Amino acid sequence: MDAVASVDNHLTYSVPPLGKDDKYHVFVSYSSGDSIWVYGLIRKLEDTLPDLKICYHERDFLPGKTIVDNMVDCIQSSQKTVVVMSPDFVRSRWCLFEAKLSIFRDCMVHKAIIPIMLKPCTIPIHISHMTYLEAEDDNFFEKLSQVLLTPNESMTPSTLVHYQNSVLYEGKTILTLPAVNDESESWEPGKYSTSSVPDQLRALVDDAELYKEAIEIINNIHPSRSYLYSTCCKVIFCIILFFIALGVFAMLMGSIGTFCAPTIIYHNVCLDLGYLIIMFLPFALISLIFIPAICTIVIVYKSKTTKNISQEMTLKTGEANLLLMRASVLAGCRSKSQLYFVYVSLKECKQTFDNTFGGEKVLTTTMWEKAIINYSSDYACCLAKKHFPFDGREPPGHLEGELCFCQYVAARLKN
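For what it's worth, the UniProt record's numbering labels the leading residue of the sequence shown as 1, then goes sequentially.
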């Protein structure tokens with residue numbers, strides 16, 4: 001028979017029965033920096049609702065098991081997961097990982113997530129689509145108790161949003177960042193703001209210095225200065241070359257027409273026609289071949305420089321990804337005016353590299369960094385556009401529905 005308890009002397013709640021696979025009614029996920037407040041909440045819940053089984057890591061994690069294994073077991077054996085959000089929680093990668101686990105592993109079997117806003121903070125992206133309870137609300141404890149004692153199948157929007165498909169998944173585009181100089185000349189490299197981490201990335205990139213360092217790598221491109229970048233200068237230069245060529249050609253034709261006799265007297269010097277032809281031949285070649293060639297080079301100079309800038313930005317973005325991948329984020333640069341940021345973990349792909357190169361640490365690190373620098377930017381762009389220019393789905397694959405990074409690198413090396 002269900003236990004019955006009174007909360008705040010207003011309403012009577014029935015503690016729901018535990019399922020055959022359940023050991024707890026709720027698992028509480030929080031940062032150690034908020035432990036005093038959490039202990040007080042747990043004590044009040046257990047005093048008010050003695051039949052409510054609560055799990056939290058300091059008391060219920062088993063010694064001898066890894067933290068991850070303990071988390072998985074406790075979350076999966078609980079009907080609900082309470083997430084206590086605060087700046088300390090957001091800064092803790094362990095807590096973010098814990099929140100991610102609770103969604104991706106347990107909500108598949110209709111478990112409920114209950115976010116509590118203890119202190120103002122950026123909501124982790126894994127749970128940003130959910131309604132949360134305010135700890136400062138005068139009726140907070142009553143609302144929390146009502147949600148905890150509501151069976152999962154009876155959860156309604158009036159109590160709390162039940163789990164929906166997460167807004168975050170491997171390969172998702174988190175942000176498209178425009179360059180601050182997106183209206184500049186095409187030969188100028190794109191520049192991006194380093195003042196702060198964009199809101200869309202804060203739940204993943206919690207180190208502002210890491211983000212700033214990565215963007216500064218991309219910004220560190222300095223094209224050579226040349227007057228040939230200017231369309232006006234190129235037009236003037238080509239006009240001058242044209243008139244030089246025209247003058248040389250006219251002089252050559254006039255000389256041949258005037259001195260058509262076998263020999264002529266020019267300033268009392270005898271010159272024959274053959275000598276004149278030999279004398280003017282270099283000018284003719286310059287007029288007819290070299291000057292047009294120079295004009296062509298001048299005209300295409302800008303487009304070649306633009307292409308070189310784009311290639312250099314792609315490599316610089318790959319270099320920046322050596323930092324960003326620590327936060328499971330990759331940047332992609334398809335044009336100088338915008339960057340794509342995608343959420344993708346490369347841990348399993350890194351392990352594949354380790355296995356491929358026989359565990360040689362120096363060699364593996366070198367090859368891995370080369371792959372990141374040369375291919376990660378284009379890979380991120382392909383993920384953002386949901387299109388790959390080839391089919392490289394060969395095992396092992398680590399990304400559901402898309403090519404993982406090691407598959408992409410293998411396919412690029414073959415093509």
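Positions of the beta carbon are idealized from the N, C-alpha and C atoms, including for glycine. Source: prediction; values computed, not measured.
8 Å Cβ cutoff met for residue i and residue j
i           : j      : result
Cys349      : His398 : yes
Gly190      : Asn181 : yes
Val83       : Ile36  : no
Phe353      : Thr364 : yes
Gln146      : Lys111 : no
Leu148      : His25  : yes
Leu346      : Phe405 : yes
Ala179      : Val197 : no
residue 446 : Leu323 : What the structure shows of the chain is the stretch from 1 to 415, and residue 446 is not part of that stretch, so it cannot be assessed.
Thr317      : Ala331 : yes
residue 416 : Ser310 : There is no way to answer for residue 416, as the model of the chain reaches only from 1 to 415.
Member of the options whose CA lies at the smallest distance from the CA of residue i
i      : options                        : result
Lys370 : Ala320, Asp391, Lys212, Pro389 : Ala320
Ser77  : Val28, Leu346, Leu403          : Val28
Thr81  : Asn139, Cys55, Ile174          : Cys55
Cys382 : Ile372, Trp368, Glu402         : Glu402
Ser32  : Val90, Arg334, Lys307          : Val90
Glu216 : Thr194, Glu400, Cys74, Leu62   : Thr194
Pro151 : Gln351, Thr356, Leu52          : Leu52
Pro87  : Lys65, Ala411, Tyr30           : Tyr30
Simplified DSSP state of residue i, which is helix, strand or coil
i      : result
Ser31  : coil
Thr81  : strand
Gln153 : One point to set straight first is that residue 153 is Glu, not Gln, in the sequence displayed. Three-state result, Glu153: helix.
Tyr375 : helix
Leu330 : strand
Ala135 : coil
Ile113 : strand
Tyr408 : helix
Pro198 : coil
Ser145 : helix
Cys121 : coil
His57  : helix
Phe341 : strand
Tyr24  : strand
Outcome for residue i when other beta-carbon atoms lying within 10 angstroms are tallied against a minimum of 16
i      : result
Gly359 : exposed
Ala384 : buried
Asp47  : exposed
Leu177 : buried
Pro16  : buried
Tyr163 : Reliability of the predicted coordinates at Tyr163 is poor, the pLDDT of 40 falling under 50, and the value obtained from them is presented with this limitation in mind. It is buried - the Cβ of Tyr163 has at least 16 other Cβ atoms within 10 Å.
Gln407 : buried
Ser92  : buried
Leu41  : buried
Contact belief for residue i with residue j at Cβ below 8 Å, rounded distance in angstroms
i      : j      : result
Asp22  : Leu118 : In fact, because the Cβ distance is near 26 Å, the residues do not count as touching under 8 Å.
Leu201 : Val329 : 7 Å
Val85  : Ile218 : According to the sequence displayed, residue 85 carries Met and not Val. Wrong, their Cβ atoms sit about 32 Å apart, outside the cutoff.
Lys44  : Phe141 : 7 Å
Val342 : Ile174 : 6 Å
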